Every structure is written in structure tokens, then in C-alpha cells.
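Participant: Before we start, here is the structure in question, set down as C-alpha cells.
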């Protein structure tokens, strides 16, 4: 309902992600930024490049998690689907685009629309963590966000993610080959670690 991470964010959604900025709140474990345009990194592991579909997370009772706050024009309340139905496309130049479905109900059966968010990944640092491969930490900046009804009933947010800052993120492949965003405790440098559980780690399967 406010906090979303990269992709899965949606992370995610993650996503993702995961895991937002501006009116949607800051990503947990992130650092604020000026919103100045970042320079994309080419240091993205080859195993990350491609299209990833979120591992659809639902709670034990079959409900989806809340994602974003509806605008007053849409009657207020919340949309659902955090980490449930999103598609992340990762490019080798350090840019990524995530398309996240937003639902009217907490069982994610009534589609409202989609949110498409683009990112730049900068300041890469190779990391190691037991149980994961191709692990990197990045500073992630949102560069654009757009809404679409996408065959749904219509979507209107109180605020969409904006390029007003940046968050620290950790990505890597788990033992199943899923691309995951860490949602565990921050390391000494302020980057979230992998918790080893799902949730809160938000993961996607390569398509």
C-alpha cells in the first residue's frame, strides 16, 4: 500500500518489485537521491538478461497482498497484486522494464489495469551470498511510469512511482534459477540481503 521494491516490485512485484518513490512511498532499505538521470551500467550478468515472470505469491488463505493506493476519483482504498502477476524485461545495458497487473480484489481475479515502470541500474558491485549465484548490488532509479487499463475495469492511482530518488537493491539467482530481489536485513553498506524465504524475497522465473 505504499512500499514496493524493484520489480515485484513488484520487483513485483516483484518485483519486485519488492518491494516505491514519491507518492507511493520509498523502497525499504533504500537511499534517497536527487532524481538526476543516472548512467546505465553494462555490468549486468548475462544470466539476468531476458524476460522474467513473477512467481505468483499468495498468502496461506489464498489472498493477494495490497499494492497501490487508489485515487479519490476511483473511490479510495487499495489495489492488490504485489508480487502476483508482473513481467520484468532486463537488458544487458543495465535498463529494465516491469509490467505489473493491478487488481480490484484481494484474490486477484478482477483486473483493474497495469502499471509499467522503467528503471536504470547503476553502481554495480559483485557480491557473494550462500545459496545464490550471479549476485550484484545496484542503485536502482525509476526513469518512467505509465498506467494502462489493459483490458481491465480501469485504474487510477493516488500517485505513480516517479524518478525522484533511488533505492539500493540486491539481485541474484537462487538455487532454482529464479531471479530474486533481496528483502532481508541490510548489510553494512545499506543493501538488502536475501532472507532465504519467500516471501519476503521476491523472485521471477525466466521465460
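In the numbering used here, the protein residues as written are 85 to 291.
Using N, Cα and C, we set each Cβ at its ideal position, and we do this for glycine too.
What you are looking at is a predicted structure, and each value in this text was computed from that prediction instead of being measured.
1. What separation, rounded to the nearest whole angstrom, lies between the Cα atoms of residue 153 and residue 205?
2. Using 8 Å for Cβ pairs, my map puts residue 216 next to residue 257. What's the rounded Cβ distance?
3. For residue 159, count neighbouring Cβ atoms within 10 angstroms of its own Cβ and tell me buried if that reaches 16, exposed if not.
4. Assuming residue 39 contacts residue 285 under a Cβ cut-off of 8 Å, what Cβ separation, rounded to an integer in Å, is found between them?
5. Determine the DSSP secondary structure at residue 136, reduced to helix, strand or coil.
6. Could you pull the start and end residues of the beta strand (DSSP E) that residue 226 belongs to?
7. Rounded to the nearest angstrom, how far is the Cβ of residue 148 from that of residue 165, given a contact under 8 Å?
8. Give me the Cα-Cα distance between residue 125 and residue 221, rounded to the nearest whole angstrom.
9. Go through its chain and collect everything with a Cβ distance to residue 150's Cβ below 8 Å, but skip five positions before and after it.
Facilitator: In short, the structure shows the following:
1. 26 Å
2. 6 Å
3. exposed
4. Outside the shown range of the chain (85 to 291) lies residue 39, about which nothing can therefore be said.
5. strand
6. 217-232
7. 5 Å
8. Note on residue 125: pLDDT 46, under 50, position unreliable in the model; no value is reported.
9. 85, 162, 163, 164, 166, 190
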